[in-house]
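Chemist:
As structure tokens, this is what we get:
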């Protein structure tokens, strides 16, 4: 009996796809969480932020504020087109910019997202892709830039019926903007 | 050159026939001359359009020697024709499956159907019989994958079978996954989408996906594709147009040497 899809690592799946003529290498395997020495279970996640809105207010670094201002119009336009909330956060879970109905909630969601990323290393890959996160506020897709790029994530609320492709395209556009601006200011 | 595309799935009930019908219509709307061929002995295409088996001899008639142009059903949409299964009774269904399994008759059909840019094969669930035949006669295989856990598990089996067929000498290539029946409010459904995105290369997961939607029931009840449900089709019909645009990248169109702009006014 053939194992299920989730049982395949990247190399096995790559071979299957190659035999089937797909001709494209799959992305790297998702590493499992590494147990800490002497413990059978993965390391516990850091404690959640108690007051996400306080963290939003705590964004004081001038470069990031300038970045947020520069992104605001783009996020606003895309949010109106996609009819959903969008946000950009940095690698510490701080909200850089948000648009839509729930930007205030975005900081804590971004913090959740980054904790998940740190635990699973899911985004140590080379493509913009979506990680679905379900929080008390609904479902969010979080996108990260390619490896080696600036460490920001883009999130989108997916409660509404919007095409995944459109969301991914929007995330790519936002991340490209982020990348070009951070490179320009480096 | 006619490009043959199979829509195949190990699992039943994933929306193959609905996808085949609506996608074929959307391809034709892109001016891609499309022949939809039903290789499922249940005759789902004709059933979904007419509520009963078509009087046309269809594929059964073609296999018995009827000319293709007489076996197909024409439609009101320019460049879109359907080759239904034809009326099969009792053990004829098993014979039909067996006749198609080696892919030779369907390959001949593709040779005959030179008036079309693309042939879309709707296939029965499973990886045997006429599904194997359609795969053997195809250039590309797409799999509709219902966004629920068991469906995702069947993908490796399909890849294995396509790999085996290629080792036999078939040219078919696995071209991608089309997510169907996606339910945004259901965790299990989202988990499948997540797994597919995480595991497969970007190019093998089509961006457009098909959500579960009550409009499908209405279209099925009335026996029409979603795009023809009314003068203003429901928004979900556009998903098939998006899918068709993605598939169109795989289809080399006949080059008639004229790619000039088309004047709007007569």
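Chains as they are written, first to last, in our numbering: chain B, 3 to 188; chain D, -7 to 258. Cβ coordinates follow ideal geometry from the N, Cα and C atoms, glycine included.
Report the residue from 65(D), 132(D), 89(D) whose alpha carbon sits nearest the alpha carbon of residue 240(D).
Modeler: What you label residue 240(D) is simply residue 248 of the second chain in a count that begins at 1. Of the candidates 65(D), 132(D), 89(D), the one whose C-alpha sits nearest the C-alpha of residue 240(D) is 132(D).
Chemist: Considering only residues of the same chain and omitting the five flanking positions on each side of residue 93(D), which have a CB-CB separation below 7 Å?
Modeler: In the second chain, counting from the first residue as 1, residue 93(D) sits at position 101. Once the five neighbours on either side are set aside, the close Cβ partners of residue 93(D) are 121, 122, 124, 125.
Chemist: Taking the alpha-carbon positions, what's the residue 183(D) to residue 174(D) distance?
Modeler: Here the question's residue 183(D) lines up with position 191 in the second chain. Here the question's residue 174(D) lines up with position 182 in the second chain. Rounded to whole angstroms, residue 183(D) to residue 174(D) spans 10 Å at the Cα level.
Chemist: How would you write the range of the alpha helix (DSSP H) that residue 104(D) sits in, first residue to last?
Modeler: Reading the second chain from its first residue, position 112 is the one you call residue 104(D). First-last of the alpha helix (DSSP H) with residue 104(D): 96 to 104.
Chemist: At a cut-off of 6 Å, would you count residue 156(B) as near the ligand NAD, judging by its Cβ distance to the nearest heavy atom?
Modeler: Ligands in the displayed structure: none, and consequently the ligand NAD is not present.
Chemist: Could you tell me if residue 159(D) is buried or exposed, where buried requires 16 or more neighbouring beta carbons within 10 angstroms of its beta carbon?
Modeler: Start at 1 with the first residue of the second chain, and residue 159(D) comes out as number 167. Exposed, since its Cβ has fewer than 16 Cβ neighbours within 10 Å.
Chemist: So that I know if they touch, is there some Cβ in chain D lying closer than 7 Å to that of residue 172(B)?
Modeler: On the first chain, position 170 is the one that residue 172(B) refers to. Not one chain D Cβ lies under 7 Å of residue 172(B).
Chemist: Please decide whether residue 160(B) counts as near chain D, where near means a Cβ-Cβ distance under 7 Å.
Modeler: Against the first chain, residue 160(B) aligns to sequence position 158. Taking Cβ atoms only, chain D reaches closer than 7 Å to residue 160(B), which makes this a yes.
Chemist: If you run the structure through DSSP and keep just helix, strand and coil, what is residue 2(D)?
Modeler: In the second chain, counting from the first residue as 1, residue 2(D) sits at position 10. Residue 2(D): coil per DSSP, three-state reduction.
Chemist: Along the chain, where does the beta strand (DSSP E) that runs through residue 168(D) open and close?
Modeler: For the purposes of this step, residue 168(D) is taken as the residue at position 176 of the second chain. Segment 165 to 172, the beta strand (DSSP E) holding residue 168(D).
Chemist: Grab the span of the alpha helix (DSSP H) containing residue 49(D) for me, first residue to last.
Modeler: Translated into positions along the second chain, residue 49(D) becomes position 57. Looking at the DSSP string, residue 49(D) is not in any alpha helix (DSSP H), and its letter there is neither H nor E.
Chemist: How long is the line joining the alpha carbons of residue 12(D) and residue 20(B), rounded to whole angstroms?
Modeler: Start at 1 with the first residue of the second chain, and residue 12(D) comes out as number 20. Start at 1 with the first residue of the first chain, and residue 20(B) comes out as number 18. The straight-line gap from Cα to Cα measures roughly 26 Å.
Chemist: Is it the case that the Cβ atoms of residue 187(D) and residue 229(D) are separated by a distance below 7 Å?
Modeler: Translated into the one-based positions of the second chain, residue 187(D) becomes position 195. Translated into the one-based positions of the second chain, residue 229(D) becomes position 237. Contact flag unset, no.
Chemist: Any beta carbon of chain D sitting closer than 7 Å to that of residue 21(B)?
Modeler: In the first chain, counting from the first residue as 1, residue 21(B) sits at position 19. Yes, its Cβ sits closer than 7 Å to a Cβ of chain D.
Chemist: Taking the C-alpha atoms as reference points, what is the distance between residue 152(D) and residue 189(D)?
Modeler: As a working mapping, residue 152(D) is identified with position 160 in the second chain. As a working mapping, residue 189(D) is identified with position 197 in the second chain. Answer to the nearest angstrom: the Cα atoms are 20 Å apart.
Chemist: Is it the case that the Cβ atoms of residue 32(D) and residue 116(D) are separated by a distance below 7 Å?
Modeler: The residue you call residue 32(D) lines up with position 40 of the second chain. The residue you call residue 116(D) lines up with position 124 of the second chain. Contact: yes.
Chemist: Excluding sequence positions up to five away, which residues of its chain have a Cβ less than 6 Å from the Cβ of residue 61(B)?
Modeler: Looking up residue 61(B) in the first chain gives position 59. The pLDDT assigned to residue 61(B) is 46, lower than 50, so where the model puts this residue is not dependable, and the model offers no usable value.
Chemist: Mapping the DSSP letters down to three states, classify residue 258(D) as helix, strand or coil.
Modeler: For this step, residue 258(D) is matched to residue 266 along the second chain. Coil, per DSSP.
Chemist: In angstroms, rounded to a whole number, what distance separates the CA positions of residue 53(D) and residue 16(B)?
Modeler: Residue 53(D) sits at position 61 when you count from the first residue of the second chain. Residue 16(B) sits at position 14 when you count from the first residue of the first chain. Between residue 53(D) and residue 16(B), the C-alpha separation is close to 42 Å.
Chemist: On the DSSP letters alone, give me the boundaries of the beta strand (DSSP E) that residue 89(B) sits inside.
Modeler: Here the question's residue 89(B) lines up with position 87 in the first chain. Residues 88 to 92.
Chemist: State yes or no: is the beta carbon of residue 14(D) nearer than 7 Å to at least one beta carbon in chain B?
Modeler: Residue 14(D) sits at position 22 when you count from the first residue of the second chain. Not one chain B Cβ lies under 7 Å of residue 14(D).
Chemist: May I ask you to report which of helix, strand or coil DSSP gives residue 80(D)?
Modeler: Here residue 80(D) corresponds to residue number 88 of the second chain, with the count starting at 1. Coil.
Chemist: DSSP state of residue 62(B), grouped into three classes?
Modeler: Residue 62(B) sits at position 60 when you count from the first residue of the first chain. Low per-residue confidence applies at residue 62(B): pLDDT is 43, beneath 50, and the placement is therefore not dependable, though the value from the model is reported in the following sentence. In the structure shown, residue 62(B) sits in coil (DSSP, three-state: anything other than H, G, I, E or B).
Chemist: Using the C-alpha atoms, what's the distance from residue 69(D) back to residue 204(D)?
Modeler: In the second chain, residue 204(D) corresponds to position 212, counting from 1. In the second chain, residue 69(D) corresponds to position 77, counting from 1. Roughly 26 Å separates the two Cα atoms.
Chemist: Taking any Cβ of chain B, which residues in the region 132 to 161 of chain D have a Cβ under 7 Å from it, in chain order?
Modeler: Listed by position, the residues of the region 132 to 161 of chain D near chain B (Cβ gap below 7 Å) are 144, 145, 147, 148, 149, 151, 152, 154, 155, 158.
Chemist: Give me whichever residues DSSP pairs with residue 159(B) in a beta bridge.
Modeler: Locating residue 159(B) in the first chain gives position 157, where the first residue counts as 1. In DSSP, residue 159(B) forms a bridge with 142(B).
Chemist: Can you tell me the Cα-Cα spacing of residue 95(D) and residue 55(D), whole angstroms?
Modeler: Within the second chain, the letter at position 103 stands for residue 95(D). Within the second chain, the letter at position 63 stands for residue 55(D). Spanning the two alpha carbons is a distance of roughly 12 Å.
Chemist: Output, in chain order, the set of chain D residues within a Cβ distance shorter than 7 Å of residue 71(B).
Modeler: Here residue 71(B) corresponds to residue number 69 of the first chain, with the count starting at 1. The premise fails here: residue 71(B) is roughly 31 Å from chain D at the closest Cβ pair, so nothing lies under 7 Å.
Chemist: Please list the residues of the region 186 to 199 of chain D that have a C-beta atom closer than 7 Å to any C-beta atom in chain B, keeping them in chain order.
Modeler: Taking 7 Å as the Cβ-Cβ cut-off against chain B, the residues of the region 186 to 199 of chain D that qualify are 186, 187, 189, 190, 191, 192, 193, 194, 195, 196, 199.
Chemist: Between residue 167(B) and chain D, is there a C-beta pair that is closer than 7 Å?
Modeler: By one-based count along the first chain, residue 167(B) stands at place 165. Closer than 7 Å to some Cβ of chain D, the Cβ of residue 167(B) qualifies, so yes.
Chemist: For a test of the three-state rule: what should DSSP assign to residue 34(D), helix, strand or coil?
Modeler: Mapped onto the second chain, residue 34(D) falls at position 42. Coil.
Chemist: Rounded to whole angstroms, what is the Cα-Cα separation between residue 17(D) and residue 87(D)?
Modeler: Locating residue 17(D) in the second chain gives position 25, counting from the first residue. Locating residue 87(D) in the second chain gives position 95, counting from the first residue. Straight-line Cα distance between these residues: approximately 30 Å.
Chemist: Provide the residue span of the beta strand (DSSP E) that contains residue 114(D), from first to last.
Modeler: Here residue 114(D) is taken as the residue at index 122 of the second chain, counted from 1. Where residue 114(D) is concerned, the enclosing beta strand (DSSP E) stretches over 110 to 114.
Chemist: Does residue 72(D) come out as helix, strand or coil in the three-state DSSP assignment?
Modeler: Within the second chain, numbered from 1, the residue matching residue 72(D) stands at position 80. Residue 72(D) falls in the strand class under three-state DSSP.
Chemist: Assign residue 100(B) to one of three DSSP states: helix, strand, or coil.
Modeler: As a first step, residue 100(B) must be located in the first chain, where it is residue number 98. Residue 100(B) falls in the strand class under three-state DSSP.
Chemist: Any idea what DSSP makes of residue 28(B), helix, strand or coil?
Modeler: The residue labelled residue 28(B) in the question sits at position 26 within the first chain. Caution is warranted here: a pLDDT of 36 is assigned to residue 28(B), below 50, making its placement in the model unreliable, and no coordinate value can be reported.
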